[in-house]
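Residue numbers (full-length UniProt numbering): 1 to 133. The next block holds one structure in the form of structure tokens; read it before the comments.
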């Protein structure tokens, strides 16, 4: 499912919630009510309107991602992912040491840890580049 399709689904869900809330308010005003105080009956938005809203939302997201803040946050997210992977690998190395895994296994785990450290450093460099004009 593409990002646009997910946004269309979100818009449709929000519209359905709006209609449900409006119907609930309308049912509360049935019976005795002051003239002119009854809420209007809400109808669901047509699919084309939902698509246009989703496209506008997607364009705003893409513009943000292309900007300095978006690039910085994306790079920091990559740093976080690399750090999580490194933590998991280090825990695996510690557990392997307690199980007395052989040196070849330990070297392989250290190679993985080195690759994750490089990914973390690359994320930091990307974040720094995002901050420079």
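Beta carbons: idealized from backbone N, C-alpha and C, even for Gly. Nothing here was measured: the structure is a model prediction, and the numbers come from that model.
Outcome for residue i when other beta-carbon atoms lying within 10 angstroms are tallied against a minimum of 16
| i | result |
| --- | --- |
| residue 109 | buried |
| residue 77 | exposed |
| residue 123 | buried |
| residue 11 | buried |
| residue 75 | buried |
| residue 80 | exposed |
| residue 21 | exposed |
| residue 82 | buried |
Under the three-state DSSP convention, the category residue i falls into
| i | result |
| --- | --- |
| residue 128 | helix |
| residue 13 | helix |
| residue 99 | coil |
| residue 2 | coil |
Inter-residue spacing [alpha-carbon to alpha-carbon] between residue i and residue j
| i | j | result |
| --- | --- | --- |
| residue 59 | residue 53 | 10 Å |
| residue 18 | residue 84 | 39 Å |
| residue 24 | residue 1 | 32 Å |
| residue 40 | residue 3 | 33 Å |
| residue 66 | residue 130 | 10 Å |
| residue 101 | residue 94 | 10 Å |
| residue 92 | residue 107 | 12 Å |
Supposed contact pair residue j and residue i - C-beta distance, whole angstroms, cut 8 Å
| i | j | result |
| --- | --- | --- |
| residue 57 | residue 113 | No, residue 57 and residue 113 are not in contact; Cβ-Cβ is about 39 Å, not under 8 Å. |
| residue 86 | residue 120 | 7 Å |
| residue 9 | residue 44 | Actually they are not in contact, since the Cβ atoms of residue 9 and residue 44 sit about 14 Å apart, beyond 8 Å. |
| residue 116 | residue 89 | 6 Å |
Within-8 Å CB hit, residue i to chain D
| i | result |
| --- | --- |
| residue 53 | Protein chains in the displayed structure number just one, and chain D is not present. |
Item to complete: Could you pull out every unbroken alpha helix (DSSP H) segment of at least 4 residues lying fully inside the segment 28 to 96, listed in chain order?
Response: 47 to 66
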